[in-house]
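Please read the structure below before turning to the comments.
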Amino acid sequence: MLISVGGYIVNLAVYQAVFRLIINEIFDPILLWQLAFVAGVLLNIGGASNAIVLYFTSTEYRKAFKKNLTILAKLFGVKVSIKVTKVSPMLPTSSQKKNIE
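Residues 911 to 1011, numbered by this note's numbering, are exactly what the sequence shown covers, in order.
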C-alpha cells in the first residue's frame, strides 16, 4: 500500500515540477516528456507491486491467486500437474554380492 501511494505521490510531484518548467520554459518538450515518462513508470511499478506484496503476505490472497492462475493455465492449455518420480539407490543383496565376487 505504501509503495502504491508513494508512486502516486511521486508521480504528482514530478508532474507539478514538469508543469512549472513548462511555464518557465526552462527545458525543451522532449526532456519534459522523458521526465513525465519516468514518473509514469514509477507509478506503474507502485501499482503492480500490490499483487506481489499481497501474494507473499496473505494466505487468503495466495489461495485466490493460485485458484485464478490455475484457471488461466487450463484456459491456455498449460499443464498444471507436476509428476514427481521417487528415486532410491539400488543396493545389491547378499546373493548378488556373492555373484560379483
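Note that beta-carbon positions come from the ideal geometry of N, C-alpha and C, so glycine has one too.
Please read all numbers here as calculations on a predicted model, not as lab measurements.
Starting from residue 969, trace the alpha helix (DSSP H) in both directions and tell me its first and last residue. The count along the sequence shown starts at 1 and reaches residue 969 at position 59. That run of the alpha helix (DSSP H) goes 969-985.
If we ignore side chains and look at the alpha-carbon of each, how far apart do residue 950 and residue 980 end up? Walking along the sequence shown from the start, residue 950 turns up at place 40. Walking along the sequence shown from the start, residue 980 turns up at place 70. Roughly 31 Å between the two C-alpha positions.
Would residue 946 pass as a contact of residue 924 if the rule is Cβ separation under 9 Å? To locate residue 946, count along the sequence shown from 1; it is residue 36. To locate residue 924, count along the sequence shown from 1; it is residue 14. Their beta carbons are under 9 Å apart, which means residue 946 touches residue 924 by this criterion.
For residue 987, does the count of other Cβ atoms within 10 angstroms reach 16, so buried, or fall short, so exposed? As a first step, residue 987 must be located in the sequence shown, where it is residue number 77. That one is exposed.
Helix, strand or coil at residue 1002 according to DSSP, with G and I counted as helix: As a position in the sequence shown, residue 1002 is number 92, starting the count at 1. If DSSP states are grouped into helix, strand and coil, residue 1002 belongs with coil.
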